[in-house]
Amino acid sequence: MNKENNEKIYIAVVCGPTASGKTELGVRLAQEADGEIISADSMQIYKGMDIASAKPSNEEKGGIPHHLMDFLPPDKAFSVADYVELARKCVNDIHGRGKLPIIVGGTGLYISSLVNNIKFDDTGSDLKFREEMREFADKNGNNALWERLKEIDPKTAERLHPNNVNRVIRALEVFHLSGGTISSAQEKSRLEESPYDACFIMPDYPREVLYGRIDRRVDVMLERGLIDEAREFFTHTDYVTAAQAIGYKELKPYLDGEKELSECVERLKQATRNYAKRQLTWFNKTEGLNKIKADNGISGEKISEIAENLVKRYRFF
């Protein structure tokens, strides 16, 4: 980090897996450091997905402004490029008002693309090719489509889940149209220096403790009405992207009368644990990541105190 470069914008990034206390930590940090929060969660952007995405309530927000949350209709597509464009504007606005921009979330691709100043391709589109790829996936499975991407662009394939069909197809489409890969274009874009100096902070729980927190969170979501929320979303056939959120698709067999609720709930907990594992793999590769050791015996106040000291050391305030 170049602390002497006054042209850079200082930001804090509270990242990590689901159920690790990012929301609470971000709010506490914003209260102490006179900051505002920019969400980096690919599902909290959608209106109505309050329970499944663990969207904080007004009380949990603690009076802190939260940006890029609860603003998009569930039938609208939203890309990483869209996120970066809007997040940059938020960072500039918050910084321009003399406050600390704090990125909070678990969508690693959003965070890294913003902080690393990734430039996105302006390659056009080929709707016929997209349709062919989608038909291929329907016939042969999402993993088979992902394997095609892995053959031509293993770096992009590594960071995309096989079920993220839209992004897999887009990566294939870019290669189809340009002959170049998304990963190579992004590597070139990294040659341009980032406008941000970022302090990355991640609560670091032992794996078994984190999984216990995940299981309890799922139980709380069910108590708050997750089943009714999922049922409502599946009445809208145009909510294709949003309905893929963890918390909805695992409950669909129960809503369709095909499986018992207990079985679907266990699938939901397992899917969430698997997602947390992927998040940890992503964030553990982050250069300069500050992990705050945590377990069931450490309070949220203590974690936030450590985070505040990290921020002070990075000269945010």
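The sequence shown lines up with residues 206 to 522 when you count with my numbering.
Glycine residues also receive a C-beta, built at the ideal position from the N, C-alpha and C atoms.
Since the model is a prediction, treat every value here as computed from it, not as a measurement.
DSSP state of His272 mapped onto helix, strand, coil: To locate residue 272, count along the sequence shown from 1; it is residue 67. Strand, per DSSP.
- request: Work out the CA separation of Asp402 and Met206 for me, nearest whole Å.
  value: Taking the sequence shown and counting its residues from 1, the one referred to as residue 206 is at position 1. Taking the sequence shown and counting its residues from 1, the one referred to as residue 402 is at position 197. Note that Met206 has pLDDT 42, beneath the 50 cutoff, so the model's placement of it is unreliable and the number below is only indicative. Cα-Cα distance, rounded: 6 Å.
task: Output the boundary residues of the alpha helix (DSSP H) element that contains Ala349.
output: Translated into positions along the sequence shown, residue 349 becomes position 144. Element bounds for Ala349: Asn347 to Ile357.
query: Shortest alpha-carbon distance to Pro306 belongs to which of Asn322, His271, Asp287 and Val379?
result: Here residue 306 refers to the residue found at position 101 of the sequence shown. Among Asn322, His271, Asp287 and Val379, the Cα nearest to that of Pro306 is on His271.
Pair within 8 Å by beta-carbon distance, Ile497 and Ile406: For this step, residue 497 is matched to residue 292 along the sequence shown. For this step, residue 406 is matched to residue 201 along the sequence shown. Contact flag set, yes.
Three-state secondary structure (DSSP) of Phe283: Here residue 283 refers to the residue found at position 78 when the sequence shown is read from its first residue. Correct three-state label for Phe283: coil.
- prompt: So, are the CB atoms of Ala450 and Ala257 less than 8 Å apart?
  reply: Numbered from its first residue, the sequence shown carries residue 450 at position 245. Numbered from its first residue, the sequence shown carries residue 257 at position 52. Against a cut-off of 8 Å, the Cβ pair of Ala257 and Ala450 comes out as a contact.
query: Roughly how many whole angstroms lie between the Cα atoms of Arg353 and Arg483?
result: On the sequence shown, position 148 is the one that residue 353 refers to. On the sequence shown, position 278 is the one that residue 483 refers to. Rounded to the nearest angstrom, the two C-alpha atoms are 21 Å apart.
- request: Could you check the C-alpha separation between Asn210 and Cys404 for me, to the nearest Å?
  value: Working through the sequence shown from its first residue, we reach residue 210 at position 5. Working through the sequence shown from its first residue, we reach residue 404 at position 199. Bear in mind that a pLDDT of 48 at Asn210, under 50, signals an unreliable position, so the model cannot answer this.
For Pro367: DSSP bridge partner residues: The residue given as residue 367 occupies position 162 in the sequence shown. According to DSSP, which records beta bridges pairwise, Pro367 is partnered with nothing at all.
- prompt: Alpha carbon to alpha carbon, what distance is there between Asn347 and Pro359?
  reply: The residue you call residue 359 lines up with position 154 of the sequence shown. The residue you call residue 347 lines up with position 142 of the sequence shown. Spanning the two alpha carbons is a distance of roughly 16 Å.
message: Can you look up Gly505 in the DSSP assignment and give me helix, strand or coil?
response: Sequence index remark: in the sequence shown, residue 505 carries index 300 (1-based). Gly505 falls in the helix class under three-state DSSP.
task: Write down the C-beta distance between Ile387 and Thr361 rounded to the nearest angstrom, noting that I regard them as a contact closer than 8 Å.
output: Residue 387 sits at position 182 when you count from the first residue of the sequence shown. Residue 361 sits at position 156 when you count from the first residue of the sequence shown. Ile387 to Thr361, Cβ: 5 Å. Contact.
- prompt: Can you list, in chain order, the residues of its chain whose CB lies under 7 Å from that of Lys189, leaving out five sequence neighbours each side?
  reply: Residue 189 lies beyond the residue range present for the chain, which begins at 206 and ends at 522; the question has no answer from this structure.
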